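Colleague: Mind looking over this structure? Questions follow.
2 protein chains.
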Amino acid sequence: MTKTPDSVVRSFIDQHQAGFLADLADWLRIPSVSADPDRAGDVRRSAEWLVAKLRETGFPVAEVWESDGLPAVFAEWPSGEAEAPTVLVYGHHDVQPAAKADGWDTEPFEPVTIGNRLYARGAADDKGQVFFHTLGLRAHLAATGRTAPAVNLKLLIEGEEESGSPNFGALIRRQAERLAADLVFVSDTGMWSETTPTVCTGMRGKADCQIDLYGPDSDIHSGSFGGAVPNPAVTAAELAAALHDGERRVAVPGFYDGVVELTDRERELFAKLPFDEDGWLRTAKSHGTQGEAGYSTLERIWARPTAEVNGVWGGYTGPGSKTIVPAEAHLKISFRLVAGQDTERVEQAITDWVAGQLPAGIRHEITFRAATRPCLTPLDHPALQSTVRAMGRAFEQEILFTREGGSGPAADLQDVVGAPVLFLGISVPSDGWHSINEKVELDLLRKGVEAAAYLWGDLAENYRLPAAGR
Amino acid sequence: MTKTPDSVVRSFIDQHQAGFLADLADWLRIPSVSADPDRAGDVRRSAEWLVAKLRETGFPVAEVWESDGLPAVFAEWPSGEAEAPTVLVYGHHDVQPAAKADGWDTEPFEPVTIGNRLYARGAADDKGQVFFHTLGLRAHLAATGRTAPAVNLKLLIEGEEESGSPNFGALIRRQAERLAADLVFVSDTGMWSETTPTVCTGMRGKADCQIDLYGPDSDIHSGSFGGAVPNPAVTAAELAAALHDGERRVAVPGFYDGVVELTDRERELFAKLPFDEDGWLRTAKSHGTQGEAGYSTLERIWARPTAEVNGVWGGYTGPGSKTIVPAEAHLKISFRLVAGQDTERVEQAITDWVAGQLPAGIRHEITFRAATRPCLTPLDHPALQSTVRAMGRAFEQEILFTREGGSGPAADLQDVVGAPVLFLGISVPSDGWHSINEKVELDLLRKGVEAAAYLWGDLAENYRLPAAGR
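Quick mapping for you: the protein sequence lines, in order, are chains W and U.
Start counting the first sequence at 1; every next residue gets the next number (full-length UniProt numbering).
Start counting the second sequence at 1; every next residue gets the next number (full-length UniProt numbering).
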């Protein structure tokens with residue numbers, strides 16, 4: 001093995017850490033809030049700052065990519081070796097809104113280091129986790145004596161992630177050729193905790209619909225007619241209630257078709273995580289657990305598909321009472337999907353099931369919003385094993401596994417690039433994403449730099465391109 | 001039998017009909033809209049007008065009764081006979097709002113006779129049906145040669161019925177002594193149709209609650225937490241769905257305790273009504289029937305208790321989607337009750353049932369508004385038989401039976417006066433209550449006068465006071 005000597009990597013990082021942090025602080029001072037139209041210029045300035053910094057890092061290609069909204073950044077550094085896999089790193093340079101008046105202890109766009117923590121909006125989500133790749137890449141080159149990375153490296157750093165990535169799908173489809181890669185690495189997630197480093201192996205997908213139910217042509221008197229005609233508010237309730245069976249499995253026939261079940265090994269590894277249900281409930285601001293029979297809380301939110309009522313409304317909702325059978329009722333329902341579920345087949349199954357649930361006299365419409373596909377990398381995937389080795393060398397600890405219950409644009413990359421999505425992140429739940437006093441733990445940020453420094457060499461050596469690839 | 005000769009009654013009515021209609025038109029010109037604060041003076045003027053007219057009719061006592069809101073009218077005319085039963089007639093002198101701009105063909109407060117119809121707001125609901133008692137009573141006296149009615153007659157004509165009778169309960173409790181009666185007659189309902197005269201035998205009662213369900217302390221991310229914690233919108237749906245079993249019976253244990261079942265005779269008589277389901281569905285503005293198994297539509301709305309969701313809300317209800325587990329959800333549910341159901345026991349049964357339906361982690365509150373008791377007069381009740389005879393003599397047809405699915409202040413009278421509630425009304429479904437172009441059929445109005453003229457004599461002769469009465 002031509003493993004990069006870890007001590008060389010560490011001493012390189014030691015030498016360059018101060019400059020790296022000073023640069024990151026400069027970037028964090030740019031309030032690249034994508035949700036605020038008044039900050040559009042700052043988002044652009046952030047993209048331009050990053051392009052300059054990536055060129056300085058050595059990327060031969062680094063450019064601002066215009067989207068139909070705010071600009072992204074693309075950079076590319078070919079390996080120069082014929083057999084090298086191509087890796088696309090995804091992150092984002094826009095941030096959530098923040099103002100000291102929201103309750104911050106410090107100015108959100110004036111980075112401050114207190115002990116082991118760097119406080120600033122974007123410190124963890126996601127500038128810190130994008131930026132660790134720059135020093136990681138330099139350490140990789142320094143330690144291996146290379147002049148180009150061991151893999152063909154591409155970066156795509158989005159500018160609208162915090163605004164729901166409205167133009168991301170179109171952008172990557174337009175640029176699909178230049179984004180071609182064998183592997184996608186998302187650096188926009190986190191780990192279990194400060195003391196339990198982990199690698200995320202997948203995200204859930206999502207289907208998302210509104211169901212409109214219509215009964216009487218207008219609200220009618222519940223005394224004169226109630227109990228003899230169907231009530232759309234009752235139908236809505238019965239529909240939402242029928243979503244789950246007694247085991248709290250989703251009762252839509254065909255919903256579970258193709259679901260990739262948890263392996264015994266995954267369940268064992270999830271069970272090794274120091275899960276504290278009381279603490280988790282505090283984070284969930286909830287007062288009890290409830291979910292699919294036969295699965296733990298973590299398995300339910302990471303590895304099982306679910307159905308949730310996000311909103312319901314119909315009839316009289318003001319003060320006092322109005323004894324009516326309402327004319328209409330509405331449901332917003334979202335479904336989290338896991339690997340193996342086909343979003344189109346799921347939507348069709350839901351559509352068919354809803355139509356079959358309704359009593360005569362209730363008319364309905366069902367409208368789906370764009371679905372998001374799930375993604376999952378199996379534990380034995382060689383790229384995941386490279387990631388775990390790189391993280392293990394950085395942390396000098398066993399690396400465990402998590403998944404992400406939410407759904408994100410990573411799945412779009414999976415579709416367009418046609419490559420598996422992996423995750424490399426060092427943020428922790430206490431980092432305050434989307435909240436006040438966002439921070440990054442400096443020792444973890446350094447581990448991110450180190451893991452990035454080890455990863456490209458390990459991949460180049462151990463990741464074999466699929467036979468049918470490229 | 002000292003039956004009043006019907007021909008004498010008819011010729012008396014013939015002679016006085018024109019003056020009676022002219023007086024009614026005067027009253028209808030007073031826009032006694034209780035819902036409109038600007039019309040408070042008109043409501044008072046309507047009360048004063050009625051007091052004067054009742055004195056003119058011969059009532060020795062006729063007075064305006066102040067409530068905490070708008071005034072009612074009370075009048076009393078003792079029979080002078082020791083054995084005579086005491087009858088309290090209930091009606092109201094306030095009316096629904098109306099303006100020509102709402103779509104009326106004529107001015108709502110300028111009565112117009114077109115053919116057999118008198119158009120005006122209040123023509124049927126309820127001034128016409130209150131006022132037929134004045135001419136009816138005069139015909140009764142004229143035909144029998146009496147100087148006082150055969151029964152001790154009391155009238156209570158409310159001024160806030162169209163505003164939900166907010167002060168009626170307090171008023172009648174304060175005046176309970178003067179309202180003491182053996183029978184209550186409500187003249188504020190109608191018949192099956194122009195060609196099928198009927199007597200209403202009861203009204204449903206009502207219990208009415210709001211259920212507030214609380215889950216997470218604030219909305220939480222459905223990707224991060226959904227499927228592992230209880231969702232109050234799902235709980236609301238499951239609660240509302242569980243209200244009915246597969247036979248669409250109310251599934252709350254104890255709910256049906258004491259329910260007075262329909263007799264075979266009542267079902268036979270209901271079945272004789274010329275019920276046209278398509279026509280009924282048009283009136284209900286509905287597109288299908290649904291209800292308790294084993295009962296017809298009429299039985300469901302008149303004689304069976306029901307549960308209706310009047311309103312439901314929770315979570316995100318705006319455009320697009322928001323993938324949350326909402327912090328709270330709410331239900332407004334009303335229950336129609338029938339004779340034999342005790343409102344307090346029903347409320348307790350609902351309260352207990354709701355508490356037992358909720359998963360751990362969902363907190364709830366349940367709040368009941370004031371309940372309304374059901375009332376029902378059995379077909380063999382002697383006062384009902386008198387009513388049917390009086391109606392039969394007026395209409396010279398078989399009199400069938402209906403019930404009223406709604407709930408009204410009549411039930412309060414039943415409680416406070418402690419007497420059975422009967423109904424005498426000649427309005428028909430086409431009369432346009434609470435709608436535009438309200439009217440009364442003049443031939444039916446005359447039948448009301450006639451029935452009232454026969455009723456008091458029949459009651460005096462055939463109604464025996466209960467042994468424990470008075």
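The beta carbon of each residue, even a glycine, is placed where N, CA and C say it ideally should be.
Being a predicted model, the structure only gives us computed values, none of them experimental.
Less than 8 Å between the CB atoms is what I'm expecting for residue 167 of chain U and residue 160 of chain U, so what's the real figure, rounded?
Modeller: Indeed they touch by this definition, with Cβ atoms about 6 Å apart.
Colleague: Can you tell me which of U:314, U:437, U:458 and U:294 puts its alpha carbon nearest to the alpha carbon of residue 123 of chain U?
Modeller: Residue U:437 is the option with its Cα nearest to residue 123 of chain U.
Colleague: Taking the alpha helix (DSSP H) that residue 11 of chain U falls in, what are its first and last residues?
Modeller: Residue 11 of chain U -> alpha helix (DSSP H) spans 6 to 28.
Colleague: Between residue 198 of chain W and residue 401 of chain W, how many whole angstroms is the CB-CB distance? I'm expecting something under 8 Å.
Modeller: Going by Cβ atoms, the distance from residue 198 of chain W to residue 401 of chain W rounds to 6 Å, so yes, they are a contact pair.
Colleague: Would you give the residue range spanned by the beta strand (DSSP E) that residue 334 of chain W belongs to?
Modeller: Note, residue 334 of chain W: beta strand (DSSP E), 328 to 337.
Colleague: How many Å lie between residue 118 of chain W and residue 214 of chain U at the Cα?
Modeller: Their backbone Cα atoms lie some 37 Å apart in a straight line.
Colleague: Closest Cβ-Cβ distance between residue 256 of chain U and chain W: below 8 Å?
Modeller: Not an interface residue.
Colleague: With 16 as the cutoff for other CB atoms within 10 Å, does residue 407 of chain W come out buried or exposed?
Modeller: Flag for residue 407 of chain W reads buried.
Colleague: Please tell me whether residue 306 of chain U has its Cβ less than 8 Å away from any Cβ of chain A.
Modeller: Chain labels in this structure do not include chain A; the protein chains are W and U.
Colleague: Output needed for residue 31 of chain W: all residues of its chain with C-beta closer than 7 Å, excluding positions within five of it in sequence on either side, in chain order.
Modeller: The answer, listed in chain order, is 39, 42 and 109.
Colleague: From residue 462 of chain U to residue 398 of chain U, what does the alpha carbon distance come to, in whole angstroms?
Modeller: Taking the straight line from one Cα to the other gives about 20 Å.
Colleague: Under the assumption that residue 65 of chain W contacts residue 175 of chain W (Cβ atoms under 8 Å), give the Cβ distance between them as a whole number of angstroms.
Modeller: So it is a contact: roughly 7 Å between Cβ atoms.
Colleague: List, in chain order, every chain W residue whose beta-carbon is nearer than 8 Å to that of residue 377 of chain U.
Modeller: What residue 377 of chain U touches in chain W: nothing, since even the nearest Cβ is about 18 Å away.
Colleague: Roughly how far, in whole angstroms, is the beta-carbon of residue 452 of chain U from the beta-carbon of residue 237 of chain W, given that I think they are within contact range, below 8 Å?
Modeller: Rounded, the Cβ-Cβ distance is 47 Å, inconsistent with contact.
Colleague: Given a threshold of 16 other Cβ atoms within 10 Å of its Cβ, counted over all protein chains shown, does residue 14 of chain W qualify as buried or as exposed?
Modeller: Classification of residue 14 of chain W: exposed, given that the 10 Å Cβ count is below 16.
Colleague: Would you mind sorting residue 361 of chain W into buried or exposed? The rule is 16 or more other CB atoms within 10 Å of its CB.
Modeller: Answer is buried; the Cβ neighbour count reaches 16.
Colleague: Could you check what DSSP says for residue 152 of chain U in three-state terms: helix, strand or coil?
Modeller: In this structure, residue 152 of chain U counts as strand in the three-state DSSP scheme.
Colleague: Pair every Cβ in the region 340 to 347 of chain U with every Cβ in the region 322 to 341 of chain W, then say whether three or more of these pairs are closer than 8 Å.
Modeller: As far as the Cβ criterion goes, the region 340 to 347 of chain U does not touch the region 322 to 341 of chain W, which means the pair count is below three.
Colleague: Along the region 153 to 171 of chain W, where does the CB come closer than 8 Å to a CB of chain U? Name the residues.
Modeller: Those residues of the region 153 to 171 of chain W that come within reach of chain U (Cβ to Cβ, closer than 8 Å) do not exist; the list is empty.
Colleague: 8 Å is my cut-off, CB to CB: does residue 470 of chain U come that close to chain W?
Modeller: Model confidence at residue 470 of chain U stands at a pLDDT of 41, short of 50, so the residue's coordinates are unreliable; what they give is reported in the following sentence. Closer than 8 Å: no.
Colleague: State the Cα-Cα distance for the pair residue 75 of chain W and residue 327 of chain U, rounded to the nearest angstrom.
Modeller: Near 43 Å, if we compare the C-alpha coordinates of residue 327 of chain U and residue 75 of chain W.
Colleague: Less than 8 Å separating the beta-carbons of residue 429 of chain W and residue 195 of chain W?
Modeller: No. Outside cutoff.
Colleague: Note down, one range per segment and in chain order, each beta strand (DSSP E) of at least 3 residues found wholly within the region 385 to 438 of chain U.
Modeller: Counting whole runs of 3 or more residues, the region 385 to 438 of chain U contains the beta strand (DSSP E) stretches 400 to 404 and 421 to 423.
Colleague: For the region 263 to 277 of chain W against the region 354 to 373 of chain W, are there 3 or more C-beta pairs whose distance is under 8 Å?
Modeller: No, the region 263 to 277 of chain W is not in contact with the region 354 to 373 of chain W.
Colleague: Tell me which same chain residues have a C-beta within less than 8 Å of the C-beta of residue 277 of chain U, skipping the five on either side of it?
Modeller: Excluding positions up to five away in sequence, the list reads 289 and 297.
Colleague: Any idea if residue 424 of chain U is buried or exposed, counting beta-carbon neighbours within 10 angstroms, 16 or more meaning buried?
Modeller: Flag for residue 424 of chain U reads buried.
Colleague: Taking contact to mean 3 or more Cβ pairs, one atom from each stretch, closer than 8 Å, check whether the region 237 to 250 of chain W and the region 230 to 248 of chain U are in contact.
Modeller: At 8 Å Cβ cutoff, the stretches touch.
Colleague: For residue 95 of chain W and residue 33 of chain W, which I take to be in contact (beta-carbon distance under 8 Å), what is that distance rounded to the nearest angstrom?
Modeller: Confirmed, about 6 Å.
Colleague: Residues in its own chain within less than 6 Å of residue 78 of chain U by CB, not counting five upstream and five downstream?
Modeller: Excluding residues within five positions, the ones whose Cβ falls inside 6 Å are 152.
Colleague: Would you say residue 436 of chain U lies against chain W (beta-carbon separation less than 8 Å)?
Modeller: No, because no Cβ of chain W sits closer than 8 Å to the Cβ of residue 436 of chain U.
Colleague: Are the beta-carbon atoms of residue 157 of chain U and residue 416 of chain U separated by less than 8 Å?
Modeller: For residue 157 of chain U and residue 416 of chain U, no; Cβs fall outside 8 Å.
Colleague: Between the region 222 to 231 of chain W and the region 297 to 311 of chain U, are three or more C-beta pairs nearer than 8 Å?
Modeller: Contact between the region 222 to 231 of chain W and the region 297 to 311 of chain U is present, because at least three Cβ pairs lie under 8 Å.
Colleague: Taking only the alpha-carbon atoms, compute the straight-line gap between residue 132 of chain U and residue 445 of chain U and give it to the nearest angstrom.
Modeller: Residue 132 of chain U and residue 445 of chain U: Cα-Cα distance of roughly 7 Å.
Colleague: For a cutoff of 8 Å on Cβ pairs, would you count residue 336 of chain U as touching chain W?
Modeller: Output row for residue 336 of chain U: interface = yes.
Colleague: Can residue 321 of chain W and residue 116 of chain U be called in contact, C-beta distance under 8 Å?
Modeller: Not in contact: residue 321 of chain W and residue 116 of chain U (Cβ atoms no closer than 8 Å).
Colleague: Can you list, in chain order, the residues of its chain with a C-beta nearer than 8 Å to that of residue 87 of chain U? Leave out the 5 residues immediately preceding and following it.
Modeller: These residues qualify, in order along the chain: 151, 152, 153, 154, 181, 182, 183, 184, 185, 456 and 459.
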